[in-house]
Amino acid sequence: MNTLPDDRPLPRSLIPLPGESLFGFILRFSHRLDESPLQLGKRTGVSYLASRQGAHSIPSWLLLRLDTSQLRSFAKATRLSEEAVDELTLRPLSTHYPPLAEALPLLDRKTALPPWLRFETTRYCPSCLAGDGSTIQNRHGGPWKRQWHLPIVFACLDHNVFLRDICPACQQQPLQRTPGTNSPIPTQGLASLHPAQCRRTVALATKQPCGARLDRPAHHAGQNLPPLTPDIATIQQELLDLLKGPAPVHAQTFFADLNLVTTVISAAWPHHPAASAPTELLDAFNSHHAAQQALIESREPQIKGPPRLDTSWRITPQSAPAKAALLTMARHCLRLPAGHLREQLTELLGHAPSWSHPRWGGALEATSVQRCSTQLRMALRGTLTERPTGPLNRHDG
């Protein structure tokens with residue numbers, strides 16, 4: 003259950019930064035008030051009492067949306083409008099991004115969320131976290147952006163770099179839901195940390211946080227990332243533009259196409275499209291795929307019954323270069339003329355698992371195929387010869 007906030011505004015307020023996420027705002031505002039994020043969550047009505055753990059926390063799913071009472075209490079406490087508070091969540095993007103639209107009705111159920119929605123962790127840009135040099139950002143840092151939680155975002159175009167996902171000191175993801183909690187803000191009961199410090203625990207006995215600064219690009223010198231080329235930056239800009247464009251139906255169709263093609267590419271790996279991504283990005287995706295294979299193999303002995311086999315096509319890469327590789331390959335495929343697209347997808351499906359695979363048979367069913375474009379559906383029609391009554395062969399588009 004959620005806690006009841008004080009029925010009065012906080013003594014001070016803070017203006018949200020452009021693109022800031024709810025969790026980022028809580029980190030900065032609690033730092034300004036010199037209290038812990040958890041205490042601020044209690045005072046603003048977004049802290050919940052988890053009955054099993056018997057402790058309060060700020061749950062990860064609040065990033066998706068706040069209900070009416072939470073919006074009202076958070077807005078009143080922070081002296082913001084309800085519209086401004088809603089903009090801190092991912093909900094406004096649901097009109098353009100299908101995985102968000104699919105996830106919102108599932109929040110009250112114990113149901114797995116769509117794989118192309120990874121909001122319980124985030125990537126980050128050190129220069130963004132450092133702020134713009136203003137007094138308020140020098141004190142409390144720049145924004146943790148809500149778009150960094152979306153799997154289609156892999157680069158910061160303001161600073162022309164791939165996003166980071168690992169703390170350079172502890173080698174963990176700085177903001178990620180940790181085992182045994184439902185919150186993506188680790189050590190949320192501590193008030194002493196700057197919003198740009200890593201909050202991940204490095205000493206389990208003492209629950210001591212890492213504390214490394216994430217807003218200093220020089221600290222990431224040992225984490226070599228490939229350069230963000232103009233071609234890859236253009237793809238990122240196109241994806242960002244679709245999230246806020248004037249044609250939500252077009253955006254929904256495009257993202258459904260992208261979802262389906264990335265699933266096929268992942269399932270066919272290491273065979274990949276002829277129109278491929280730069281070598282450095284392909285290497286990053288290959289590392290992601292190998293890591294997923296190793297994880298699946300390590301879990302196989304613990305699974306009773308028949309082997310589950312490979313399901314790595316359902317896991318979106320956390321690494322920004324790996325994610326860029328997958329999205330770039332899919333985007334190149336979708337730019338092909340209809341006939342060439344059909345040939346490319348037919349070849350990829352020839353390297354994907356058989357429909358007799360216990361999990362692949364329903365994989366395309368879960369990729370919002372009904373939202374795909376007519377062009378993609380026509381390109382795939384007839385290629386699934388092992389399943390002539392499959393989802394793409396049933397309809398006329």
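In our numbering, the protein residues as written are 3 to 399. No residue lacks a Cβ here, since even glycine has one placed at the ideal position from N, Cα and C.
Cβ neighbour criterion (16 or more within 10 Å) applied to residue i
i    : result
H252 : exposed
P186 : buried
S296 : First, the residue type needs correcting, since residue 296 is Ala and not Ser in the sequence shown. Label assigned to A296: exposed.
K209 : exposed
D259 : buried
R148 : buried
N140 : exposed
D217 : buried
A205 : exposed
T376 : exposed
Q238 : buried
G430 : The structure shown does not extend to residue 430, since the chain spans only 3 to 399, so no value can be given for it.
For residue i: DSSP bridge partner residues
i    : result
Q178 : T123
K44  : Answer is none; K44 lacks a bridge partner.
V163 : C158
K147 : E22
R215 : Q199
As assigned by DSSP and simplified to three states, the class of residue i
i    : result
F257 : helix
Q210 : strand
F76  : helix
Q320 : coil
T97  : helix
H196 : coil
C158 : strand
H58  : strand
A205 : strand
Presumed contact (8 Å Cβ cut-off) between residue i and residue j, rounded CB distance
i    : j    : result
R67  : T91  : 5 Å
P170 : P323 : Actually they are not in contact, since the Cβ atoms of P170 and P323 sit about 16 Å apart, beyond 8 Å.
Q190 : S23  : Rounded, the Cβ-Cβ distance is 15 Å, inconsistent with contact.
H33  : H196 : 6 Å
D160 : C130 : 7 Å
D69  : A193 : The Cβ separation is near 27 Å, so there is no contact.
A326 : F156 : 5 Å
R81  : Y126 : R81 to Y126, Cβ: 27 Å. No contact.
I234 : T348 : Actually they do not touch by this definition, with Cβ atoms about 27 Å apart.
Same chain only: Cβ atoms within 8 Å of residue i, ignoring 5 sequence neighbours per side
i    : result
H221 : P128, P170, A171, A214 and R215
7 Å CB neighbourhood of residue i in its chain, flanking five on each side removed
i    : result
W118 : P101, P153, N261 and T318
V263 : A332, C335 and L336
W63  : L109
L95  : L102 and L245
T271 : Checking the sequence, you will find Trp at residue 271 rather than Thr. Same-chain partners within the cutoff: H291.
A105 : L66, L115, P116 and L119
R30  : L16, H142, G143 and P197
P61  : Y50, N184 and S185
Same chain only: Cβ atoms within 6 Å of residue i, ignoring 5 sequence neighbours per side
i    : result
R93  : R67
T123 : Q175 and Q178
E74  : Correcting the residue type first, residue 74 is Arg in the shown sequence and not Glu. Contacts found: none.
W362 : P355
Any chain C beta carbon closer than 8 Å to residue i
i    : result
C127 : The structure shown contains no chain C; it holds only a single protein chain.
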